[in-house]
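Residue numbers (the working numbering), protein chains in the order written: chain V, 1 to 281; chain X, 282 to 562; chain U, 563 to 843; chain S, 844 to 1124.
Number of protein chains: 4
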Amino acid sequence: MRFDVFADLEYTAQTAGTLILNIHALRTPTQNVISEAFTIEPYLKAEELVGLHGENRLVRFEIPEPGPIKISYKATVDNACKLVDLANVEETPVHQLPVEVLQYLNPSRYCQSDKLFRLANNMFGYIQNPFEKVNYLVDWIFYNVQYLSGSTNSQTSAYDTVTQQQGVCRDFAHLGIALCRALTIPARYFTGYAYKLYPADFHACFEAYLGGEWILFDATRLAPLNSMIKIATGRDAADSAIANIFGDIYFDRMAVNCKLADEGFSPFYYQPKATQGISYI
Amino acid sequence: MRFDVFADLEYTAQTAGTLILNIHALRTPTQNVISEAFTIEPYLKAEELVGLHGENRLVRFEIPEPGPIKISYKATVDNACKLVDLANVEETPVHQLPVEVLQYLNPSRYCQSDKLFRLANNMFGYIQNPFEKVNYLVDWIFYNVQYLSGSTNSQTSAYDTVTQQQGVCRDFAHLGIALCRALTIPARYFTGYAYKLYPADFHACFEAYLGGEWILFDATRLAPLNSMIKIATGRDAADSAIANIFGDIYFDRMAVNCKLADEGFSPFYYQPKATQGISYI
Amino acid sequence: MRFDVFADLEYTAQTAGTLILNIHALRTPTQNVISEAFTIEPYLKAEELVGLHGENRLVRFEIPEPGPIKISYKATVDNACKLVDLANVEETPVHQLPVEVLQYLNPSRYCQSDKLFRLANNMFGYIQNPFEKVNYLVDWIFYNVQYLSGSTNSQTSAYDTVTQQQGVCRDFAHLGIALCRALTIPARYFTGYAYKLYPADFHACFEAYLGGEWILFDATRLAPLNSMIKIATGRDAADSAIANIFGDIYFDRMAVNCKLADEGFSPFYYQPKATQGISYI
Amino acid sequence: MRFDVFADLEYTAQTAGTLILNIHALRTPTQNVISEAFTIEPYLKAEELVGLHGENRLVRFEIPEPGPIKISYKATVDNACKLVDLANVEETPVHQLPVEVLQYLNPSRYCQSDKLFRLANNMFGYIQNPFEKVNYLVDWIFYNVQYLSGSTNSQTSAYDTVTQQQGVCRDFAHLGIALCRALTIPARYFTGYAYKLYPADFHACFEAYLGGEWILFDATRLAPLNSMIKIATGRDAADSAIANIFGDIYFDRMAVNCKLADEGFSPFYYQPKATQGISYI
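Structure representation (C-alpha cells):
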C-alpha cells in the first residue's frame, strides 16, 4: 500500500548542540520510499547516517547557536507486509538462531528480561505454540496495563511497567519485548508511522522472531498491524529514540500524520485465536 | 497450648558497638510467658525496652570491646489463638478503621503498596469477600514465588519479589502485606517462633485486619497457623528485625527451636475455601 | 511569634470515598493554636484523630457521593522555637537513645538508609561533630540537588534523589533523613506552614536528633528555620502526607499561606559554620 | 608481548540446553592468536560465531542430555597496545563521532547513563580535559566503591553501584561506562584475560573514546593496563557475558590463568596526573 507521512518537530536551543533524529522511513526490500523531503528551519546542514545493519536512518546536525528550530519530514512510501501462517510454528532452539538474532535475547536498558524470568515462565511458560504464547502475553498487557498519557517518562522500563501497569505505546512495547526474551523468544523494538493511529503520533510496537520471521505485535491495539511504515528497529528505545539531544535543546511540540495514498486498504487487526501474523521484511 | 522455645545466636564484634535484639516472646492477654531466661556470654548488662504499643520487647546492650558474643534465650509460653468465622465478613470502610490501625494502610520500606495499586486491583479487586481476597493473594504468592534460601537479602522488598518471584518467609510476608494495603486492607508484619517449621528458624508471616480482628496468613505454608509464638508485629521487617546491629559486629550462626510442651496439639493449616481464620490478639 | 495560616484545598470526587487530611497546626507545649476553623463544602461531618504520640492531627471524613469538595482551614498560632548551642555536641550512642527515638534510625518507605550506608559514610563519616556532619550533608543536598517542580512524584524516594539529583522540598527532606539514618543519627520528617516560603505551599523539611533535641534542617534553604508552624512529624511522607485519598477522588487545586500576625520577626537562616541550631519541641 | 592463557569451566546440565561461551581471545590487527585449543568433555560439536563487528568470538553448542560438562580453552597470544598522548586531547563533539561509535553514548542494561546525568555533571563536569575527566571518575570509583566478592549479582547495575558502593570488576566497569556516557563520552565494556590479576579470574574493565582512540581504564587497579588479552567489547555485560546459558545448566567451578610467555614485560599501571593512556587496536 502507499502512504503519505509527515512529521513536524519544533525545538528551542538554549545553547549550541547536536540533534540526532530518527524519523526517516526505512528503505527495505519491501518498503520503498518513493519520494521524501527533509528540511530544517533555519537552514542547517544535516548528515544522514545509515545504521550499521540498515536498521535505521539517522539524521545528525549541529546547532551552532541558540534559537528555535523547526524540522519537517514528508515522504510517500510503498510498503508491503506479508501474512505468515503460524498455526503450527515451533520454537526455534537457541542453537539454531542466526547470529544476528542472538542479541535480541539479551536484556537491554528498558527490557530487563533477566529480572522477569520466573514471572514470564509462571504466567506463559505452559503454552506450547510460541505464536500463541506471544499473543497471550500481548493480551495480558492489553488487559492489565492502562494506556495513560503522561504517566511514564523516558526512564520508565519494563521492570516498572510490569508492576505499575500504566504507560504509553513505548512502555507496552518494552514490556512485550522483555517478556518474550524472558521466554527465550528473540524480540526487538519497532518504531514507525501508523495509519489510523489516534491520536496521531509516532508509534512503537515490537517484533518477535517466530518461525524464522520477525512477526509484529502491538499490545496497545491502537492501529492495524498492516498500517505501519517502519522507521527503525532496535533493542529498545535506547537504540531507536525518535530524537537524541545533546546540549540544552528543548522539545516544544510536534505534529505527525500518516495518510492512505491508495485505495483498498483492508485493516488487519489482531484477532483472538489468530493463526496468522504480520511480517514486514 | 504450651511451647518451649529457644534461640542461640552467635556474633563476633570487630569493634565496640550496640546490639538490639527482638527475640523475646511477647506478653499479651492471650500469650503468657510462664518462664524465660536470657543470657549473654561474656556477661553484658542488657536493658529491656518495651515497644511503645506493646508490639515488641527489645533487648539492647552495649558491646564494649571486640570479641565473640553468644546470646541464649529460652522460654516456656502458653498461648491461645481463636478461630474467627469470616464467611460473611465485609470490608471495613476506611472511615471506620480505628486510628491505631490506619498506619497499616501506609506504604513502608519493604512494602511499597503505593506502587502495586493497579496490579493488586487488576488481580484481586473483583473478589467481594475480603477474607477470600486475602486468601487468593496468599495462594497466588504460594504458587508463584519460589521459596529459595539465599536468593534475597536484607534490602529485598515486595516491589522486587512481585516480579522476581523468589525469596524466603520475610519476602513472602512483605509481598502479602503490600498487596493487602494496595487493596485498602490494613496489614502488618508478624515474627515469631513456629512449631513444626522445617528447617527450624525464626518465622515471618503477616496479619490482615478483617472484621475488626488481626487475622494471620502465611503464604509459605511452612507451619500450622496455630503454632506461632509471637515475638513482634510491625509495619515490616524495618520495625521488627530480629537484630539491629550498630558497629562492625558480624553474625556467625544461630539455632532456633520451638517444641510442644503439651499434648493434644491439632495443627490448623490453611485450607482452600476456608471460612475461618486464626487470630492472635 | 504569632502567625495566621490558611489552606484551601479543592477536590472532585468521582465516586464515594474517604479523605484523611493532615493540615491542622499541631498543639504542642511550645505551639499554641489560639483559634482555628475548618470547613468542608458541601457540609460533611469530619472526625479529628490525634496521632498516637501527638505527632499529628488528622481529620477524616467520608464523602458519600460524587461531586466537588472544598476544604478550608484557618488558624492563628503562637509558636516558639529555641536556639540550641551545638558547638560541642557529641553523638548520642545508640545504647543511650530513648526508646521512642530508636524507630527514627530505621529505614522507611522513602528513606532507604540501609542502601546508603557506604555512600553516607564515605562522604560524611569523617566529620566528628554530628551537628557539623548534618550541616555538611544538608549543604551537599542544597548544592547538588536541583529544585525542579514537577520533576518527581509521590513514589520518588531518597534512593532515587541521591542519584538523579532533582526534586522538591519533600525529596530534599527524604534525602536528608536517609543520609542521617545511614550515619546512625535519628532523623524524622517535618511538615508545616512556613512564613516567607515562596511560592507559598506546604513545606517539608526534617529534624535530626542531636544532643537530646530534635534540631530542624531545611536543605532547600527556602524559608527561615524559625518561621515554621508544625503540622506533623513522622518517619517520612508515608506517615505525614497532607492528604490520604481512598476512592476516585482527584485533587484540583490548592492555596496555602502563612502570614506574620506579630511584629519583630527576625528570620534565622542557616549560616555556614553555624554553632547553633533551631529546635521546636 | 606473548601470553599463555587458559580457562577451564565446569557445568552440570540438569536438562538439555544450549551454552554460548565468550572466552576466546579476539583476533585483531594488534592481537594475534598464535595457537589455541578448545575442548568439551564429553565431546560436543561446537560452532564458532564471530560477532557482527568482530567484537567477540562466541562458541555455541547444544547440550543434548543431562550430565557434567567440562570446557577447556588454551591459547598463546601476541598482543600489542600503544601509548597515546592525551595531555592536550579535546572532547570530540557529537557531530564528529563516527556512526559506529554513537551507540556507545546510549544507556544500556547495566549502564543507565540517562539516570546519572546530573550526578556525573555535578561531580566531573567542570574538568576540561576529557582524559583527565575520565581519570578523575575512575579515581572516584576506586576510592569509594569497595571491592567485595559476592556483594553483587548478575542483576546489579551502575545505578545500584553508584549508591551502594560495593561490587566486583564488572560493577566497577559498568559504573565507569555509565558516568562517561552521562558526560557525553562514548564508553564500552571490555573483558579479557589479565596478567598479574590476583586472584586469577576473567577481568572486566572499560574503554572510553578519546581523541579518536579507545583508551582503556580499570577502576579496580587490580592489573597492569598493558597486560590484557581482549576477549570482547560490547555495550555492557549483557553483550559480553562470559557465558549465556539456556536450560537448567548450573555453573560449578572454573580456573582461569594468564602467564607471560615472553621476557621483558614492563607493567603500565595507572598513575595520578598521567598524560598518556593505553589503547588496544
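Even glycine gets a Cβ: it sits at the ideal position worked out from N, Cα and C.
(1) Of the choices A288/X, D285/X, L300/X, whose alpha-carbon is the least far from that of D529/X?
(2) Along chain S, which residues have their Cβ under 7 Å away from the Cβ of L49/V?
(3) Quick one: which residues of the stretch 697-731 of chain U get their C-beta closer than 7 Å to a C-beta of chain S? List them in chain order.
(4) Counting only the same chain and skipping the five closest in sequence on each side, list residues whose C-beta sits under 6 Å from that of R743/U.
(5) Which same chain residues, not among the five before or five after A754/U, have their C-beta less than 7 Å away from its C-beta?
(6) Within this structure, are the beta carbons of V138/V and A219/V separated by less than 7 Å?
(7) Indicate whether the contact test is met: 3 or more Cβ pairs, each with one atom in the stretch 639-650 of chain U and one in the stretch 588-608 of chain U, closer than 8 Å.
(8) For K607/U, does the count of other Cβ atoms within 10 angstroms reach 16, so buried, or fall short, so exposed?
(9) Buried or exposed for A255/V, please, with buried defined as at least 16 other CB atoms from any protein chain shown within 10 angstroms of its CB.
(10) Can you list, in chain order, the residues of its chain with a C-beta nearer than 6 Å to that of R235/V? Leave out the 5 residues immediately preceding and following it.
(11) For N403/X, go through chain V and note every residue whose CB falls closer than 7 Å to its CB, in chain order.
(12) Give the list of continuous alpha helix (DSSP H) stretches no shorter than 4 residues that lie fully inside the stretch 46-121 of chain V.
(13) From the DSSP secondary-structure annotation, give me the bridge partner or partners of G809/U.
(14) In the DSSP assignment, find the unbroken beta strand (DSSP E) run with Q838/U in it and report its ends.
(15) Where in the stretch 407-482 of chain X do unbroken runs of the alpha helix (DSSP H), each at least 4 residues long, occur, reported from the N-terminal end onward?
(16) Can you tell me whether K363/X is buried or exposed, with buried defined as 16 or more other CB within 10 angstroms of its CB?
(17) CB-CB under 6 Å to N706/U, same chain, minus the five flanking residues each way: which ones, in chain order?
(18) Taking the Cβ atom as the reference point for each residue, do L1065/S and L1103/S lie within a distance shorter than 7 Å?
(19) Under 9 Å Cβ-Cβ, which residues of chain S neighbour K115/V?
(20) Cβ closer than 7 Å: which chain X residues qualify as neighbours of A800/U?
(21) Roughly how many angstroms separate the alpha carbons of A475/X and G687/U, rounded to a whole number?
(22) Is DSSP giving A1081/S helix, strand or coil here?
(23) Since L290/X sits in a beta bridge, which residues does DSSP pair it with?
(24) What separation, rounded to the nearest whole angstrom, lies between the Cα atoms of A1086/S and I912/S?
(25) Report buried or exposed for P1067/S, applying the criterion of at least 16 other Cβ atoms within 10 angstroms of its Cβ.
(26) At which residues does the beta strand (DSSP E) containing L302/X begin and terminate?
(27) Rounded to whole angstroms, what's the CA-CA distance from P1115/S to L102/V? Just pull it up for me.
(28) For chain V, find out if any of its Cβ atoms is closer than 7 Å to the Cβ of L400/X; answer yes or no.
(29) Can you round the beta-carbon distance between F568/U and Y672/U to whole angstroms, since I take them to be within the 8 Å contact cut?
(30) For E598/U, which residues in the same chain have their Cβ closer than 6 Å to its Cβ, ignoring the five residues on either side in sequence?
(31) Could you tell me the distance, in whole angstroms, from the CA atom of A740/U to the CA atom of D733/U?
(32) The beta strand (DSSP E) that contains L1059/S, what's its start and end?
(33) Name the chain X residues that come within less than 9 Å of A619/U, Cβ to Cβ?
(34) Taking the alpha carbon of N538/X as the reference point, which residue from I559/X, Y428/X, D289/X has its own alpha carbon closest?
(35) I'd like to check one pair, I63/V with A13/V: are the Cβ atoms closer than 7 Å?
(36) Can you list, in chain order, the residues of its chain whose CB lies under 8 Å from that of E908/S, leaving out five sequence neighbours each side?
The answer reads as follows:
(1) Counted from its first residue, the second sequence places residue 529/X at position 248. Ranking A288/X, D285/X, L300/X by Cα distance to D529/X puts L300/X first.
(2) Counted from its first residue, the first sequence places residue 49/V at position 49. By Cβ distance, chain S contributes V942.
(3) N706, Q708, Y721, V724, T725, Q726, Q727, Q728
(4) As a position in the third sequence, residue 743/U is number 181, starting the count at 1. Cβ within range, chain order: L667, S675, A749.
(5) Locating residue 754/U in the third sequence gives position 192, where the first residue counts as 1. The residue asked about is misnamed: residue 754/U is Gly in this sequence, not Ala. Hits under 7 Å: H765, M790, I791, K792, I793.
(6) On the first sequence, position 138 is the one that residue 138/V refers to. On the first sequence, position 219 is the one that residue 219/V refers to. Yes, Cβ-Cβ distance for V138/V and A219/V is below 7 Å.
(7) yes
(8) The residue you call residue 607/U lines up with position 45 of the third sequence. Looking at its Cβ environment, which holds fewer than 16 other Cβ atoms inside 10 Å, K607/U is exposed.
(9) By one-based count along the first sequence, residue 255/V stands at place 255. Exposed.
(10) Position 235 of the first sequence, counted from the first residue, corresponds to residue 235/V. Excluding sequence neighbours, R235/V sits near S108.
(11) Here residue 403/X refers to the residue found at position 122 of the second sequence. Correct list: N144, Q165.
(12) 99-102
(13) Position 247 of the third sequence, counting from 1, holds the residue named residue 809/U. Note: G809/U sits in no beta bridge, so no partner.
(14) If you number the third sequence from 1, residue 838/U lands on position 276. That run of the beta strand (DSSP E) goes 838-841.
(15) 411-425, 439-445, 450-463
(16) Translated into positions along the second sequence, residue 363/X becomes position 82. With fewer than 16 other Cβ atoms within 10 Å, it is exposed.
(17) Within the third sequence, residue 706/U is the residue found at index 144, counting from 1. Result list for N706/U: Q727, in chain order.
(18) Indexing the fourth sequence from 1 puts residue 1065/S at position 222. Indexing the fourth sequence from 1 puts residue 1103/S at position 260. Going by C-beta atoms, L1065/S is not nearer than 7 Å to L1103/S.
(19) Numbered from its first residue, the first sequence carries residue 115/V at position 115. Chain S residues near K115/V: Q998.
(20) Numbered from 1 along the third sequence, position 238 holds the residue referred to as residue 800/U. Result: N387, P388, S389.
(21) Counting from 1 along the second sequence, the entry for residue 475/X is found at position 194. Counting from 1 along the third sequence, the entry for residue 687/U is found at position 125. Approximately 41 Å, taken between the alpha carbons.
(22) Residue numbering aside, residue 1081/S sits at position 238 when the fourth sequence is read from its first letter. Of the three classes helix, strand and coil, the one that applies to A1081/S here is helix, per DSSP.
(23) Counting from one through the second sequence, the residue named residue 290/X turns up at place 9. Answer is I352/X, M535/X, bridged to L290/X.
(24) If you number the fourth sequence from 1, residue 1086/S lands on position 243. If you number the fourth sequence from 1, residue 912/S lands on position 69. One C-alpha to the other measures close to 14 Å.
(25) By one-based count along the fourth sequence, residue 1067/S stands at place 224. It counts as buried.
(26) Indexing the second sequence from 1 puts residue 302/X at position 21. Segment 298-302, the beta strand (DSSP E) holding L302/X.
(27) Reading the fourth sequence from its first residue, position 272 is the one you call residue 1115/S. Reading the first sequence from its first residue, position 102 is the one you call residue 102/V. Approximately 41 Å, taken between the alpha carbons.
(28) The count along the second sequence starts at 1 and reaches residue 400/X at position 119. Chain V contact via Cβ: present.
(29) Taking the third sequence and counting its residues from 1, the one referred to as residue 568/U is at position 6. Taking the third sequence and counting its residues from 1, the one referred to as residue 672/U is at position 110. Their Cβ separation, rounded to whole angstroms, is 27 Å, which puts F568/U and Y672/U out of contact at 8 Å.
(30) Residue numbering aside, residue 598/U sits at position 36 when the third sequence is read from its first letter. Excluding residues within five positions, the ones whose Cβ falls inside 6 Å are A637.
(31) Position 178 of the third sequence, counted from the start, is the residue given in the question as residue 740/U. Position 171 of the third sequence, counted from the start, is the residue given in the question as residue 733/U. About 11 Å.
(32) Within the fourth sequence, residue 1059/S is the residue found at index 216, counting from 1. Here the beta strand (DSSP E) through L1059/S covers 1056-1060.
(33) In the third sequence, the residue the question calls residue 619/U occupies position 57. In the sequence as displayed, the identity of residue 619/U is Arg instead of Ala. None at all; the shortest Cβ gap to chain X is about 11 Å.
(34) Numbered from 1 along the second sequence, position 257 holds the residue referred to as residue 538/X. Out of I559/X, Y428/X, D289/X, D289/X has the C-alpha closest to the C-alpha of N538/X.
(35) Sequence index remark: in the first sequence, residue 13/V carries index 13 (1-based). Sequence index remark: in the first sequence, residue 63/V carries index 63 (1-based). Yes, they are a contact pair.
(36) Taking the fourth sequence and counting its residues from 1, the one referred to as residue 908/S is at position 65. Excluding sequence neighbours, E908/S sits near A856, A859.
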